[in-house]
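Peer 1: A single structure is presented below for examination.
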Amino acid sequence: MATENKNLSEYDKNTIPNAKDFRFGIVVSEWNETITEGLYNGAFEALIDNEVPAQQIIRWNVPGSFELIYGAKKMLQTQNVDAVIVIGCVIQGQTKHFDFVCEGVTQGIKDLNVQTDIPVIFCVLTDNNIQQSIDRSGGIHGNKGTEAAIAAIKMAYIRQQASLSHSFNQPLLVSGALQIEETPLKLEKE
Numbered sequence: 071m072a073t074e075n076k077n078l079s080e081y082d083k084n085t086i087p088n089a090k091d092f093r094f095g096i097v098v099s100e101w102n103e104t105i106t107e108g109l110y111n112g113a114f115e116a117l118i119d120n121e122v123p124a125q126q127i128i129r130w131n132v133p134g135s136f137e138l139i140y141g142a143k144k145m146l147q148t149q150n151v152d153a154v155i156v157i158g159c160v161i162q163g164q165t166k167h168f169d170f171v172c173e174g175v176t177q178g179i180k181d182l183n184v185q186t187d188i189p190v191i192f193c194v195l196t197d198n199n200i201q202q203s204i205d206r207s208g209g210i211h212g213n214k215g216t217e218a219a220i221a222a223i224k225m226a227y228i229r230q231q232a233s234l235s236h237s238f239n240q241p242l243l244v245s246g247a248l249q250i251e252e253t254p255l256k257l258e259k260e
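Heads up: the sequence shown is residues 71 to 260, going by the working numbering.
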């Protein structure tokens, strides 16, 4: 497992952008509720720890992980958020249902990120057993919800910075990095 030697809850506050003016949506699956509540608590606490006011965090529940896509889409369309975190948990069973749900949710969230201008952060555990989910939702590996909240803050910040008066001037690659050059904002007169 990728989290075996990493604590998902650890982050350096000095590397996190100021988040006090951002607004976040969190869509939470009710399926495997003990796990998803743990993930939600990790995300909520990390946002609060990084000075996001509680009233700027919107929570919606959906029945299962597959419904996260629709819930996130509607939140993006109606709630004026800077980022959305989708929280779910799918545990391997004895049928192919696990594969179909995991693939569908992954592709659906990817599609939202491609089709909209607001980042959607994937916090869906896809584990082989309940113990792995417990370990990653506040257990021995920390909390994936915390990690997702930090990713949401960073992505909201990137979105904010990209929407300022910056433009890409013929993408110049320097040592593999994209340079963003500031250009003056031009206002047209009516």
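For each residue, glycine too, the CB sits at the ideal point set by N, CA and C.
1. Looking at the secondary structure, which residues open and close the beta strand (DSSP E) in which residue 153 lies?
2. Round the Cβ separation of residue 159 and residue 194 to the nearest angstrom and send it over; I've been treating them as touching at under 8 Å.
3. Enumerate in chain order the residues of its own chain whose CB-to-CB distance from residue 186 is below 6 Å, with the five nearest sequence positions on each side excluded.
4. What separation, rounded to the nearest whole angstrom, lies between the Cα atoms of residue 141 and residue 97?
5. Okay, do the region 83-101 and the region 113-131 touch, 3+ Cβ pairs below 8 Å being the bar?
6. Contact between the region 203-211 and the region 98-113 is defined here as three or more beta-carbon pairs at a separation below 8 Å; is this criterion met?
7. Leaving out five residues on either side along the sequence, give the residues of the same chain with a beta carbon under 6 Å from the beta carbon of residue 219.
8. Below 8 Å CB to CB, which residues in the same chain sit around residue 229 once its five sequence neighbours on both sides are set aside?
9. Looking only at its own chain, which residues have a Cβ that is under 6 Å from the Cβ of residue 226, when we skip the five neighbours before and after it?
Peer 2: In short:
1. Counting along the chain, the beta strand (DSSP E) containing residue 153 begins and ends at 153-161.
2. 7 Å
3. Cβ neighbours of residue 186 beyond the five flanking positions: 146.
4. 6 Å
5. yes
6. Between the region 203-211 and the region 98-113 there are three or more inter-stretch CB-CB distances shorter than 8 Å, so the stretches are counted as touching.
7. 113, 116 and 117
8. 152, 153, 187, 188 and 189
9. 92, 152 and 153
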